[in-house]
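Colleague: In our numbering, the protein residues as written are 474 to 653. Provided herewith is a single structure, encoded as structure tokens, for subsequent inquiry.
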Amino acid sequence: VSPATGQVVATLSNTGVLSAASLAGGAAAETARAEAAEALRVPMLFPSGDTSGTTDSANIQALLTAGGLVVLAAGTFYAYGLTASHNGTLIQGSGGKVLGGAGTSIVSPSATANVFTLSGTGVTVRDLCVTCNATATAGAAFNITGVGVTLENINVAYTYNGIYCSGSSTTTLTNVNASQ
């Protein structure tokens, strides 16, 4: 519930899915996401500005290691080598922007590492753009080994393997764009 308006800005289901106004687009949605994160006491992570990938990778991985809901604010994160292994983890961005536009972007400074390895069951990633800042010679934006993984509203560009599924993974893709 928004302290400013008294309106419901988000709901959290018993499976940990954040929904309602907080998943809409635009500036109002960004405010709703921030209010929802505060109301739910879910930390919203902001980009560090460190283009080496060290700081953002460590900060994002700390939240992924805890599991549950990981909310990434609008802006550009520099990260790679991230692993979501907890079942039911939700990684929520602020829009799958094209690099330089509005929303959440993750840029990998590594030419060879995966940006995300999604190994948990029921992991969901929403509203992100993932791209490579180096000339990629290996790795993937999403290396999917978990079962029941969902990618929604995702843009992938300039990675060696955009989305790589291996093993017995069952993956649902909704509004996913990949380009070289």
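Heads up, the beta-carbon is just placed ideally off N, CA and C, and yes, glycines get one too.
Helix, strand or coil: how does DSSP classify residue 600 here?
Modeller: In this structure, residue 600 counts as strand in the three-state DSSP scheme.
Colleague: Which partner residues does residue 565 have in the DSSP bridge list?
Modeller: Answer is 544, 599, bridged to residue 565.
Colleague: Going by Cα to Cα distance, which pick from 635, 626, 516, 566 is closest to residue 605?
Modeller: Among 635, 626, 516, 566, the Cα nearest to that of residue 605 belongs to 635.
Colleague: Identify whether residue 594 lies in helix, strand or coil by the three-state DSSP scheme.
Modeller: Residue state, collapsed to three classes: coil.
Colleague: Distance check for residue 639 and residue 630, CA to CA, integer angstroms please.
Modeller: If I take the Cα positions, the gap works out to 20 Å.
Colleague: Whole-angstrom Cβ separation of residue 562 and residue 593, contact assumed at under 8 Å?
Modeller: Between residue 593 and residue 562 the Cβ distance is about 6 Å, and since that is below 8 Å, they are a contact.
Colleague: Can you grab the Cα-Cα spacing for the pair residue 546 / residue 579, in whole Å?
Modeller: Roughly 11 Å separates the two Cα atoms.
Colleague: Which partner residues of residue 550 appear in the DSSP bridge assignment?
Modeller: 579, per the DSSP bridge assignment.
Colleague: Measure the C-alpha to C-alpha separation of residue 589 and residue 637 and round it to an integer number of angstroms.
Modeller: Rounded to whole angstroms, residue 589 to residue 637 spans 10 Å at the Cα level.
Colleague: Which stretch, first to last residue, makes up the alpha helix (DSSP H) that contains residue 626?
Modeller: No alpha helix (DSSP H) contains residue 626, which is instead part of the beta strand (DSSP E) from 622–630.
Colleague: Tell me the DSSP bridge mates of residue 636?
Modeller: Paired residues: 615.
Colleague: Reducing DSSP to helix, strand and coil, say where residue 530 ends up.
Modeller: It is helical.
Colleague: Out of 568, 586, 566, 543, point me to the one whose CA is closest to residue 553's CA.
Modeller: The option with the nearest alpha carbon to residue 553 is 586.
Colleague: State the DSSP-derived secondary structure class of residue 557, mapped to helix, strand or coil.
Modeller: Note: residue 557 maps to strand in three-state DSSP.
Colleague: Ignore the nearest five residues each way along the sequence and tell me which others in residue 496's own chain have a CB closer than 6 Å to its CB.
Modeller: Because the pLDDT at residue 496 is just 45, under 50, the model does not fix this residue reliably, and the point stays unresolved.
Colleague: Using DSSP's beta-bridge definition, name the partner residues of residue 589.
Modeller: In the DSSP output, where bridge partners are listed per residue, residue 589 has 555, 615.
Colleague: How is residue 645 classed by DSSP in three states: helix, strand or coil?
Modeller: The answer is strand: DSSP assigns residue 645 an E or B state.
Colleague: Distance check for residue 628 and residue 535, CA to CA, integer angstroms please.
Modeller: The alpha-carbon atoms of residue 535 and residue 628 are separated by roughly 24 Å.
Colleague: Comparing alpha-carbon positions, which option in 623, 599, 600, 582 lies nearest residue 525?
Modeller: Of the listed residues, the one whose Cα sits closest to residue 525 is 582.
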